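Peer 1: The structure is given below, and queries will be raised subsequently.
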Amino acid sequence: MADRKIKENLFTRLHSSFFWRFFSSYIILFLIPFFTIIVTYNYAAHSIEKSILRSNSNILYQFFSNVDAAFSEMSTIGKTLTNSTVVQQFAFRSKADMELPSVEAYYLNEAVNSFKQKEFENICIYFPEFSRVYNGRNGLALEDFYLTYYKDVATEEEYKNFLSESVTNYKTEIRSVNDDVLNPLLGVVFSQPASRSFHGAPGITAAITLSQDTLHQLFENSSVHSDGILMVFDGENKLLASSHPMSSDILSVYDGEKEMYYGTYQNQKYVLQFFPSQVSDCMYASAIPVNIFWEQLNNLRLTSFICILLCVLLSGFLAWKMTKVNYSPITGMIYTITETTGTVYDNKKNEMNFISDVLTSSFNEITTLTKKIELQEDTLRNNFLMHAMLGNAIEDAFDEERDIFLQHHIALNSDMFGIIYMFVEAVDESRLGDVREKQNQQILQFIIANVVQELCSEKHQGFLVPVAVNSYACIINFSGETFDSSRKADMQSVIKKSSAFLGQHFGIEITASLSEIHSNLPGIHKAYQEVTEAFTYRFLYGKGSIILFDDIQEKCFSFTGMEDNKVEYLLLSFIKDSSCMQDARKIMEELKSQSGISSNSSLEAIACYKYDLLIRFSRVTHQIGAAQLPESNALHASVLAAGTFTEMQDCFINTLTALRQYYQDSQKNFTLCDQVETYLKNNFQNPELSNIMLGEVFHISHAYLSRMFKMQKNISIADFLYKLRIDHAKKMLETTDETLESIAITSGFLSSSTFIKVFKKSEGITPGTYRKLKQQ
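For the sequence shown, the residue numbers in my numbering are 6 to 781.
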């Protein structure tokens, strides 16, 4: 007890000492501005780095767009020349004829000259079999052509390799005539036979080279940093061209997954960015020295250092002044907290623990409030995006479309959009439970949103909007650095990876449809119309498929109808001929083929095919007397309820199989029903005759016998028996004077009362009245 009191006294003296008050004041006064300076510096450094990279990215994009345009033009020229009739016909001339001036040679040179442009160093046609080259001015042997035009820029071996390593017209490969990356001569080569139908036809090679001055001009026009480097790599990662000295090894860090990379060349560290060409196999890259970022931060670093130094001095001075006037910042903080929050401070409680508890409680409240605000913002954003998809978004009150999105906390990458529509077909309930329950539905939406939006964020940004139960639409806002072709590929990649991941980890099966690429706010509405239209083709493509709007545009109305006699003959032959080895599926495939239905058919054509088949099946069903068959009665409803074309075909297949089985069974039982009919006619006077007795007589289930008799004779056994007895009673009433009781027993009725009741129900009058009418 004494030790505890001594410790409390020491603690109290320490808290009231000059040193403790000075130290606590100094720490508080120093740390707040110090951390503020550090955070500000890091944020500024990051912003400067992003700004430089963004600027560099735009420069690289502009550079490769210009180079791609030149390569695309070269590719077009090469393909056109190799497929030119003039060039192909000239290839069949003999070597001696080629060396002589001729009208054909003139036309060949004119064909080449029609593509001449100042951007291209040389456009020529090379005939490998004759080792002869034409470039629009004259025709020379390959060796002479090299000496005339290329000896100053490449060796003879390099130029021959340039021409010989040619490719087909289906792929564009960029290569360099020489190995000088600072002064390269880039070109495109295409090669094909002069005739595809004639085996052994001579070959044709078109070679187009880009002017060195043009490439240098493209390098110079790009406003990249003076120490920055622009590079062009071929499809095998070989460096073809560079604005400054650089090695192909710099490309080894590229894996295609990140926005930027770091590489080292000659002890200099660089920040690297890459863009694949849109028209060829090459890759464009930029390299910015890391020290550029540090140069931009020199002034900021100096300012930050001065601020920290002033912070040290001023904090010490203010702490000394506070201590002199006996002011403690911690005591002040406690006083402020109690006055502001109304929290009562217990003097026995540790001051720092009290402050920590108050701050923790405040942070928890802020976190809860933040989550509510985020939930509300998400709801408002989803409502806005849903209205945008439906075409109801209001834009008149805003000067620019971007303001509408910013109001809903959406910062656009560009004005280009696409939509992926997703429908959840099935869920593994052992993992997610019953998704019809609200909580599990929210979990399902959370999972899909996280997976899809995460995959979108690799290159673009995506927003998942719930459309209906198990239906979602992901609006993708594309980055401004891609083309429509790559955007479409990215959309397909997102949904393929999402479907695979969700199926593997959560047992979620998804059917999806993809729109085209559209711009601006109205484009979102257009894209949504496209995905909903494309999704209707789920009936044709099936569950779990990915449907592109572009694909359904190629669908056509291909229904040609079916000849009545031919179709019904085919169906009846299958049903009646037990020796037919074909199965029902093959019959349906044949009917589909006769109708002109294929994978390229439109939904309208498939609808015609569906209703036409329903009519044909109805006719066949009545022809074989199977109208009461359960499968026949349910066919119409099951076909209309089918979700996919495969399910619809299965309905017809099952019905066709059931009809065949019914017909074959009925044929087997036809003789038996005739025997039963004869037995009833001979024994109807037996009052104990019943279905059970008949089953025992014919050694068959009485229920099965009743069903077969009704289907074969279109009348039940009981009704047929009553008819025989009534007909016999009517004859006796007309021709004899027997009493009603005698007639009833003779006709097979148990009593006269039963006879009278059955007779009146059948004829509408009593037996006595019937006799009087007949005897008048």
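For every residue, glycine included, the Cβ atom is placed at its ideal position computed from N, Cα and C.
All values derive from a computational prediction rather than experimental measurement.
Under three-state DSSP, which class holds I705?
Peer 2: In this structure, I705 counts as coil in the three-state DSSP scheme.
Peer 1: Per the DSSP calculation, P198 is bridged to which residue(s)?
Peer 2: Looking at the DSSP assignment, P198 forms a beta bridge with G208.
Peer 1: Would you decide whether R306 is buried or exposed? Buried here means 16 or more other CB atoms lie within 10 Å of its CB.
Peer 2: So R306 ends up on the exposed side.
Peer 1: In three-state DSSP terms, what is A110?
Peer 2: DSSP places A110 in helix when its eight states are reduced to three.
Peer 1: Closer than 7 Å to a non-hydrogen atom of the ligand HEM - does that hold for the CB of Y709?
Peer 2: In the structure on display, the ligand HEM does not appear, and there are no ligands present to speak of.
Peer 1: Which first and last residues belong to the alpha helix (DSSP H) in which F760 is found?
Peer 2: First-last of the alpha helix (DSSP H) with F760: S757 to E768.
Peer 1: Which whole runs of the beta strand (DSSP E) in the region 542–600 are 3 residues long or more, in chain order?
Peer 2: 551–553, all fully within the region 542–600.
Peer 1: If we ignore side chains and look at the alpha-carbon of each, how far apart do R624 and I720 end up?
Peer 2: Using only the alpha carbons, I get a separation of about 22 Å.
Peer 1: What are the start and end residues of the alpha helix (DSSP H) that includes G268?
Peer 2: From DSSP, G268 is part of no alpha helix (DSSP H) but of the beta strand (DSSP E) over Y266 to Y270.
Peer 1: Checking 8 Å against the spacing of the C-beta atoms, do I130 and L145 come in under that value?
Peer 2: For I130 and L145, no; Cβs fall outside 8 Å.
Peer 1: Thinking C-beta only, is I481 closer than 8 Å to G566?
Peer 2: No, the Cβ-Cβ distance between G566 and I481 is not below 8 Å.
Peer 1: Could you give the C-beta distance for T81 and Q197, rounded to a whole number, given that I count them as a contact under 8 Å?
Peer 2: Not a contact, Cβ separation roughly 15 Å.
Peer 1: Quick one: is S521 buried, meaning 16 or more other Cβ sit within 10 Å of its Cβ, or exposed?
Peer 2: With the sequence shown as reference, residue 521 is identified as Glu, and Ser is not the correct amino acid for it. Buried is the call here.
Peer 1: Sort V193, V194, F167 and F195 by Cα distance to N183 and report the nearest one.
Peer 2: Taking only the C-alpha atoms, the option nearest N183 is F167.
Peer 1: Based on Cα-Cα distance, which residue from N118, S99 and F95 lies nearest to E109?
Peer 2: Cα-wise, what sits closest to E109 is F95.
Peer 1: Could you pull the start and end residues of the alpha helix (DSSP H) that I529 belongs to?
Peer 2: It spans N525 to F540 - the alpha helix (DSSP H) in which I529 sits, taken as one unbroken run.
Peer 1: Can A539 and I557 be called in contact, C-beta distance under 8 Å?
Peer 2: Yes. Within cutoff.
Peer 1: Taking contact to mean at least 3 C-beta pairs separated by less than 8 Å, is the region 443–453 in contact with the region 368–383?
Peer 2: Flag = no, the region 443–453 and the region 368–383 do not touch.
Peer 1: Out of curiosity, what's the CA-to-CA distance linking E148 and Y164?
Peer 2: Going by the C-alpha atoms only, they are around 10 Å apart.
Peer 1: For N794, which residues does DSSP report across the bridge?
Peer 2: Nothing in the structure corresponds to residue 794, since the chain is present only between 6 and 781.
Peer 1: If you scan the region 626–666 from start to end, which runs of the alpha helix (DSSP H) of 4 or more residues do you find wholly inside it?
Peer 2: Here the runs fully enclosed are 635–646.
Peer 1: C479 lies in the alpha helix (DSSP H); which residues open and close that run?
Peer 2: Looking at the DSSP string, C479 is not in any alpha helix (DSSP H); the run it does join, the beta strand (DSSP E), is S476 to N482.
Peer 1: What are the start and end residues of the alpha helix (DSSP H) that includes K100?
Peer 2: That run of the alpha helix (DSSP H) goes K100 to E104.
Peer 1: Could you check how far apart the C-beta atoms of L507 and I500 are, in whole angstroms? I think they sit under 8 Å.
Peer 2: Wrong, their Cβ atoms sit about 10 Å apart, outside the cutoff.
Peer 1: What number of angstroms, rounded off, separates the C-alpha of N47 from the C-alpha of I311?
Peer 2: When rounded, the distance between both Cα atoms is 16 Å.
Peer 1: Identify, in the order they occur along the chain, each residue of the same chain with its Cβ nearer than 6 Å to the Cβ of L5, setting aside the five sequence neighbours on each side.
Peer 2: Residue 5 falls outside the range modelled here, since the chain spans only 6 to 781, and no answer is possible.
Peer 1: Just the C-alpha distance for A517 and V472, rounded to the nearest angstrom, thanks.
Peer 2: Rounded to the nearest angstrom, the two C-alpha atoms are 13 Å apart.
Peer 1: Taking the Cβ atom as the reference point for each residue, do L661 and A723 lie within a distance shorter than 8 Å?
Peer 2: It is not a contact, given that the beta carbons lie outside the stated cut-off.
Peer 1: Compute the Euclidean distance between the alpha carbons of L577 and Q534, then round it to the nearest angstrom.
Peer 2: Roughly 44 Å separates the two Cα atoms.
Peer 1: Using 8 Å as the Cβ pair cut-off and three pairs as the minimum, do the region 740–756 and the region 699–706 touch?
Peer 2: No contact exists between the region 740–756 and the region 699–706.
Peer 1: Is it buried or exposed for R180, if we count other Cβ within 10 angstroms and need 16 for buried?
Peer 2: So R180 counts as buried.
Peer 1: Taking the C-alpha atoms as reference points, what is the distance between I770 and K762?
Peer 2: The alpha-carbon atoms of I770 and K762 are separated by roughly 10 Å.
Peer 1: Nearest to D157 by CA position, among N143, V138 and P189, is which residue?
Peer 2: Minimum Cα distance to D157 is reached at P189.
Peer 1: Hey, quick one: how far does the alpha helix (DSSP H) through Y154 stretch, first residue to last?
Peer 2: Looking at the DSSP string, the run of the alpha helix (DSSP H) that includes Y154 is L147 to Y154.
Peer 1: Taking DSSP as the reference, what is the three-state secondary structure of G700?
Peer 2: G700 falls in the helix class under three-state DSSP.
Peer 1: Note down, in chain order, each residue of its chain lying with its Cβ closer than 6 Å to the Cβ of S757, except the 5 sequence neighbours on either side.
Peer 2: For S757, where only same-chain residues beyond five positions count, the Cβ hits under 6 Å are L745, E746 and A749.
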